[in-house]
Each structure stands twice: as structure tokens, then as C-alpha cells.
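Contents: one structure, followed by commentary.
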Amino acid sequence: MSASARIRFVLVGTQHPGNIGAAARALKTMGLARLVLVAPEKGVDEEALRRAAGADDLLLDSPVFANLAEAVADCQLVLGCTARSRRVALEELLPAVAAQQAVQAAHAGQEVALVFGRERTGLSNDELELCQRAIHIPSDPAFSSLNLGAAVQVLAYTVRMAMLGEVAPAAAEPGPRELPAAHGQLEGFYTQLGQTLDMIDFHKGRSPDSAMRKLRRLFGKAALTEQEVRLLRGILADAQRMARLAGQADPV
Ligand code: SAH
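Residue numbers (this note's numbering): 10 to 261.
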């Protein structure tokens, strides 16, 4: 399978179908073929088809998911495009660096998602939290927001440049023997981690959100493999068992 087949462009909550069409055209011109929609406000319509200008196949093949977590559940690398520079807690990459990472990951057999937000409000904080890193097109800070279709075009072109720059994909270094954990597995781990922290009374009345955000960042940087996630979940299971035993031993 070629690298481009492992890179999906995910549009979240798109408000104008015309932009979905423009995104399809942007991808097809750059030899990319995977457009994924998350809860679009209006699905593919006449305007979308008109703006796709012949990239109808991509448009009509695009799967629709109810939320971002489901759309990227099988991905090992998830990068979120944001118009708001330095307002996110994530490491922020230039498009060329992000594209390089995406293409390298795809060559190593990983599933990659580049995620784009709504026209009016972009990606929510919860959605950005599902991303390992942010991508910001270094636009004028005083007028930083590109049209959604234009942002997709910039990234699609940059990904194509990165793919053309790869001298010989077949001869590329073999990937690590074990794949990084997929997104869905990591979410399972974070859920169990949250439950365990509650059980051992780690938060002591404080809101768990801030600690969980920091822990997500920490584990995000570690690029955990499937095996490492299993190890950590084993530790959490034991901690939960001990917390239950301690709870039973406590005088009521
Ligand atoms: N008003 C929104 C802008 C949304 S533009 C906001 O403040 O976030 C729609 C989408 O296009 C964004 O969510 C983002 O994914 C992408 N986009 C627009 N401009 C961008 C930029 N300068 N860098 C990276 N992505 C950008």
C-alpha cells in the first residue's frame, strides 16, 4: 500500500458543503484520495459536487463518522490543524515538518490523520486533545484564518512535496518492529488511568481535567507502542485491585 493511502484528511463539523467539495478537489490534485467527514452540518450536495470539479469519486466515497474519536480510532498519528497559533497546549509544527512526519509514519505502516476544524469555530479543545501535535500554517497573526478548502490545499500540497522528496519508499528504513498504539487503544488507557486516579483519590477534590491534560501530553510525547500500553494497563489494573482491597479493609 502506498503512503498516500494511509493518510486521511478529516474535516470536522463542516458548515459549508462547498468546502467539502473544495477539499476533495484539493486532495485529488495532489494525488491523495482519503477524505473523511465527522458530523458535517450539511452533507455532500450540489454545491459540494460543483466545487469538487470532477473529484466526485473522492467526495462520494468519503465515510462519515459521528465524532472525531471514532474517525481516528485506528490511527497511530493524529495531527490537528489550527488557525490559532500558540493558543493550544500542543507542540506546534510547521506544515513542512508535519508533512514529513506524516509521510514517514505512513511509510512505516502507520495510519495517519490530518484534522481540520469548523469554518466558524475551528476544533474544540476536546478535539485538539485527541491530537498528538498541532499544525499551524504561519499566516499573518493579525489575519490568521484561511478558508477551510485553502488550508486543506496547503497541507495536501505539502504532503505531496514530502512524498516526492522521499527518494525510494521501498528502500526506506524499516519501521520499528512494533507499531505505536492506535488511537482507540490509547483512549482506553486514558479512561482506565482516569478511573484509577479517582480510586486512589489522587485529585483530592480538585478537577481531574488539568491533570489528565498533562498526562495526555506526557504519554503523547512517549509515542507508546501497543505492548507498552498493555504493560501500563496491567499496572493500573493492579493498582485498582489494591485500591478496592484497601477500601474493603477501611472501617466504615
Ligand atoms: N475561526 C476559526 C477558523 C477556522 S478555519 C478558528 O479560529 O479556529 C477552518 C479550519 O481551517 C481550521 O479549524 C483549521 O483546521 C484550518 N486552518 C485555517 N487557517 C489555518 C492556519 N493558519 N493554520 C492551520 N490550519 C488552519
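Glycine is no exception: its CB is placed at the ideal position from the N, C-alpha and C atoms. Nothing here was measured: the structure is a model prediction, and the numbers come from that model.
- P49 sits in coil when the DSSP states are folded into three classes, being neither helix nor strand.
- If you ignore the 5 residues before and after A82, its C-beta comes within less than 6 Å of the C-beta of H192, G193, all in its own chain and listed in chain order.
- DSSP places V81 outside any alpha helix (DSSP H), giving it a letter other than H or E.
- Below 8 Å, too few C-beta pairs join the region 152-161 and the region 106-120 to call them touching: fewer than three.
- S154 has its CB nearer than 6 Å to a heavy atom of the ligand SAH.
- Rounded to the nearest whole angstrom, the CA to CA distance from S71 to R43 is 7 Å.
- When L241, E136, L173 are compared, the shortest CA-CA separation from T205 is found for L241.
- The alpha carbon of D66 has as its nearest neighbour, out of A105, A33, L46, H212, the alpha carbon of A33.
- In the structure shown, L240 adopts helical secondary structure according to DSSP, grouped into three states.
- Looking from the CA of G40, the closest CA among V53, F18, A231, A57 belongs to F18.
- Judged by DSSP secondary structure, L123 falls within the beta strand (DSSP E) whose first and last residues are 121-125.
- Shown here for I144: same chain residues with a beta carbon closer than 8 Å to its own, the five before and five after excluded, namely L88, G89, C90, T91, E101, L102, L103, P104, A107, L123, L164 in chain order.
- C-alpha of A255 to C-alpha of A75: approximately 40 Å in a straight line.
- The three-state secondary structure of F152, taken from DSSP, is helix.
- Relative to Q249, the option among T200, L132, R222 whose CA is nearest is T200.
- In this chain, the alpha helix (DSSP H) harbouring F198 covers 192-208.
- The C-alpha of G30 is placed about 8 Å away from the C-alpha of A62.
- A check of alpha carbon separations from R15 across Q236, K213, C84, L99 identifies C84 as the nearest.
- In this structure, the straight-line span from the alpha carbon of M208 to that of K51 is close to 43 Å.
- The straight-line gap separating the alpha-carbon atoms of V47 and V53 is approximately 12 Å.
- A160 is the residue among N28, E56, V45, A160 whose C-alpha sits nearest the C-alpha of R93.
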